[in-house]
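**Q**
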Amino acid sequence: MKITSVQTVTNADSPELIWVQITTDEGLTGLGETCFGVSAVDEFVHTEAASYLIGRDPLQIEAHWEAVRARGRSFMARNAEIRGLSAIDVALWDIFGQATDMPIHAAMGGRFRDSIRVYNTCANYNYAVRRPRTREDSTRAFGARRAPYTGKPVKGDPDGPYNDLDAFLTRADELAESLLSEGITAMKIWPFDQFYEEAGGNWLSNASLRKATEPFRKIRKAVGNKIEIAAELHALWNLPTAIRIAQSLEEFEVMWIEDPIPMNNMAALADFRRKARQPVTASETVAMRESFREMFEAGATDICMFDIAWCGGLTEARKIAAMAAAYKLPVAPHDCTGPVTLMAGIHLAVHAPNARIQEIVRAFNTGWYPGIVDAMPVIENGFARAPVRAGLGMALRKDFLRAKDTVIRSSKA
Numbered sequence: 004m005k006i007t008s009v010q011t012v013t014n015a016d017s018p019e020l021i022w023v024q025i026t027t028d029e030g031l032t033g034l035g036e037t038c039f040g041v042s043a044v045d046e047f048v049h050t051e052a053a054s055y056l057i058g059r060d061p062l063q064i065e066a067h068w069e070a071v072r073a074r075g076r077s078f079m080a081r082n083a084e085i086r087g088l089s090a091i092d093v094a095l096w097d098i099f100g101q102a103t104d105m106p107i108h109a110a111m112g113g114r115f116r117d118s119i120r121v122y123n124t125c126a127n128y129n130y131a132v133r134r135p136r137t138r139e140d141s142t143r144a145f146g147a148r149r150a151p152y153t154g155k156p157v158k159g160d161p162d163g164p165y166n167d168l169d170a171f172l173t174r175a176d177e178l179a180e181s182l183l184s185e186g187i188t189a190m191k192i193w194p195f196d197q198f199y200e201e202a203g204g205n206w207l208s209n210a211s212l213r214k215a216t217e218p219f220r221k222i223r224k225a226v227g228n229k230i231e232i233a234a235e236l237h238a239l240w241n242l243p244t245a246i247r248i249a250q251s252l253e254e255f256e257v258m259w260i261e262d263p264i265p266m267n268n269m270a271a272l273a274d275f276r277r278k279a280r281q282p283v284t285a286s287e288t289v290a291m292r293e294s295f296r297e298m299f300e301a302g303a304t305d306i307c308m309f310d311i312a313w314c315g316g317l318t319e320a321r322k323i324a325a326m327a328a329a330y331k332l333p334v335a336p337h338d339c340t341g342p343v344t345l346m347a348g349i350h351l352a353v354h355a356p357n358a359r360i361q362e363i364v365r366a367f368n369t370g371w372y373p374g375i376v377d378a379m380p381v382i383e384n385g386f387a388r389a390p391v392r393a394g395l396g397m398a399l400r401k402d403f404l405r406a407k408d409t410v411i412r413s414s415k416a
């Protein structure tokens, strides 16, 4: 079997997402995905990676991983080259599973569990990678470092009922009850982000601190400890301010504090971990096993989080998870990215013995994800089931590929 073409797929409604499709001479097509820096990823895939991949056996995943990484000059950061490699790697695993008639988790060595617990990241439909539909949406669609929440919350959403970002800011008690009614017993919120611009993350007023903790207070008053709450800080704060935030959250017994400071100083992160009384989770912003090794050796985190679309793909994520296990640490795959990343995360989470929980965004899962792919993971009563279809278990929808806003670029033999 040989690779005959490498395609990239983009769509104007999801301008921060790019998909990679790799096709073989036996008619198999593997699917991968990454996001951000789309034009740079697209160029790397076609000018550097495709010329190497075409004509080669797609099942030699380890060899291709090393070769494509070398074509990215072996950079360590979560840059365009590593993101492109991540998408290619997932597509190759998809082909491997299809060729052997096994789901990816089986191809990796089998399931450790039949399902993985999920938590809901409380985003709205246009958060992070989607095109904002209005100017007001643009203030809330992207992560805090790009465009902090500054506008007044909007009730309702044209895409459905799960406007969870506005809900956690204005009616967090009702949001928690809604999640529990669906069997979801953990949630992630980021009410501190709205105050980042006060001093660029270097300071937080007492009034802002009190306002930011109000959603936690509402949740605990409404449902007690029936739901776990993760506090996302988006790596926005300096060390003293992050410690103040952690102190303000002590009474709420949060599940974890995620990315409290920028992930460029593991000694500082370890200092935060020593001073905070809550578990620390890090980090979707880190790529490659060498960087995670530095984090583990520094004793800087309690839970290892990675994004398969950014860290080097399934091949690298699997190694990071195994290394975390050697340090007696659990892993929690990230997804606020796209449907392929979610499905890949579930495959790894049911396979890896030290997987603790999988991130989902219910607004995405019931909103725009199903319009892109032909199958979705089965999530019931707060757990995602192990996928059963061969390979990844999903493909891009034919009508999505034919849509007028979809652009397909191909490199062929």
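The sequence shown begins at 4 in the working numbering and counts up one residue at a time. Backbone N, C-alpha and C define an ideal beta-carbon position, used for all residues, glycine too. Since the structure is predicted, the reported quantities are computational estimates derived from the model, not experimental observations.
(1) Taking the straight line between their C-alpha atoms, what separation do you get for residue 204 and residue 265?
(2) With residue 257 and residue 233 assumed to form a contact (beta carbons below 8 Å), what rounded beta-carbon distance in angstroms separates them?
(3) With distances taken between CB atoms, is the gap from residue 67 to residue 59 smaller than 9 Å?
(4) Just to confirm, are residue 284 and residue 259 a CB contact at a threshold of 9 Å?
(5) Going by DSSP, what residues sit across from residue 223 in a beta bridge?
(6) Tell me the residue span of the beta strand (DSSP E) that contains residue 122.
(7) Kindly indicate which three-state DSSP category residue 9 falls into: helix, strand or coil?
(8) When the Cα atoms are used, what is the spatial distance from residue 412 to residue 397?
(9) Less than 8 Å between the CB atoms is what I'm expecting for residue 289 and residue 93, so what's the real figure, rounded?
(10) Under the three-state reduction of DSSP, which class applies to residue 63: helix, strand or coil?
(11) For residue 385, which of helix, strand or coil comes out of DSSP?
(12) Drop a sphere of 10 angstroms on the beta-carbon of residue 381, count the other beta-carbons inside from all chains shown, and report buried for 16 or more, exposed for fewer.
(13) Go ahead and pull the three-state DSSP assignment for residue 233.
(14) Please return the same chain residues whose Cβ sits closer than 6 Å to the Cβ of residue 140, not counting the five positions on each side in sequence.
(15) How is residue 164 classed by DSSP in three states: helix, strand or coil?
(16) Give the DSSP-derived three-state secondary structure of residue 317 in the structure shown.
(17) Can you name, in chain order, every residue of its own chain whose Cβ lies under 8 Å from the Cβ of residue 318, other than the five neighbours on each side?
(18) From what residue to what residue does the alpha helix (DSSP H) around residue 184 run?
(19) One question on the structure: do residue 409 and residue 20 come within less than 9 Å of each other, judged by their Cβ atoms?
(20) Quick check on residue 402: buried or exposed, where buried means 16 or more other Cβ atoms within 10 Å of its Cβ?
(21) How is residue 106 classed by DSSP in three states: helix, strand or coil?
(22) Would you call the CB atoms of residue 177 and residue 225 closer than 9 Å?
(23) DSSP has residue 399 in a bridge; who is on the other side?
**A** On the basis of the supplied data:
(1) Counting from one through the sequence shown, the residue named residue 204 turns up at place 201. Counting from one through the sequence shown, the residue named residue 265 turns up at place 262. Each residue's Cα considered, the two are about 10 Å apart.
(2) The count along the sequence shown starts at 1 and reaches residue 257 at position 254. The count along the sequence shown starts at 1 and reaches residue 233 at position 230. Right, their Cβ atoms sit about 6 Å apart.
(3) For this step, residue 67 is matched to residue 64 along the sequence shown. For this step, residue 59 is matched to residue 56 along the sequence shown. Contact flag set, yes.
(4) Taking the first residue of the sequence shown as position 1, residue 284 is located at position 281. Taking the first residue of the sequence shown as position 1, residue 259 is located at position 256. For residue 284 and residue 259, yes; Cβs fall inside 9 Å.
(5) For this step, residue 223 is matched to residue 220 along the sequence shown. Residue pairing by DSSP places residue 223 opposite no residue, since no beta bridge is assigned to it.
(6) By one-based count along the sequence shown, residue 122 stands at place 119. Counting along the chain, residue 122 sits inside the beta strand (DSSP E) bounded by residues 118-124.
(7) Position 6 of the sequence shown, counted from the first residue, corresponds to residue 9. Note: residue 9 maps to strand in three-state DSSP.
(8) The residue labelled residue 412 in the question sits at position 409 within the sequence shown. The residue labelled residue 397 in the question sits at position 394 within the sequence shown. Distance between residue 412 and residue 397, taken at the CA atoms: about 20 Å.
(9) Translated into positions along the sequence shown, residue 289 becomes position 286. Translated into positions along the sequence shown, residue 93 becomes position 90. A Cβ-Cβ distance of about 18 Å is found for the pair residue 289 and residue 93, leaving them out of contact under the 8 Å criterion.
(10) By one-based count along the sequence shown, residue 63 stands at place 60. Looking at residue 63 - three-state DSSP - the assignment turns out to be coil, as it is neither helix nor strand.
(11) Here residue 385 is taken as the residue at index 382 of the sequence shown, counted from 1. Residue 385: coil per DSSP, three-state reduction.
(12) Locating residue 381 in the sequence shown gives position 378, where the first residue counts as 1. Answer is exposed; the Cβ neighbour count stays below 16.
(13) Position 230 of the sequence shown, counted from the start, is the residue given in the question as residue 233. Of the three classes helix, strand and coil, the one that applies to residue 233 here is strand, per DSSP.
(14) Reading the sequence shown from its first residue, position 137 is the one you call residue 140. Model confidence at residue 140 stands at a pLDDT of 41, short of 50, so the residue's coordinates are unreliable; what they give is reported in the following sentence. The answer, listed in chain order, is 129.
(15) Taking the first residue of the sequence shown as 1, we reach residue 164 at position 161. Looking at residue 164 - three-state DSSP - the assignment turns out to be coil, as it is neither helix nor strand.
(16) As a working mapping, residue 317 is identified with position 314 in the sequence shown. Helix, per DSSP.
(17) Within the sequence shown, residue 318 is the residue found at index 315, counting from 1. So the qualifying residues of the chain are 64, 65, 68, 92 and 96.
(18) Counting from 1 along the sequence shown, the entry for residue 184 is found at position 181. Residue 184: member of the alpha helix (DSSP H) spanning 175-184, first to last residue.
(19) On the sequence shown, position 406 is the one that residue 409 refers to. On the sequence shown, position 17 is the one that residue 20 refers to. Cβ atoms of residue 409 and residue 20: not closer than 9 Å.
(20) Within the sequence shown, residue 402 is the residue found at index 399, counting from 1. Looking at its Cβ environment, which holds fewer than 16 other Cβ atoms inside 10 Å, residue 402 is exposed.
(21) One-based indexing of the sequence shown puts residue 106 at position 103. When secondary structure is reduced to three states using DSSP, residue 106 falls in the strand class.
(22) In the sequence shown, residue 177 corresponds to position 174, counting from 1. In the sequence shown, residue 225 corresponds to position 222, counting from 1. Between residue 177 and residue 225, the C-beta gap is smaller than 9 Å, which places the two residues in contact.
(23) Within the sequence shown, residue 399 is the residue found at index 396, counting from 1. The partner list for residue 399 (beta bridge, DSSP) reads 376.
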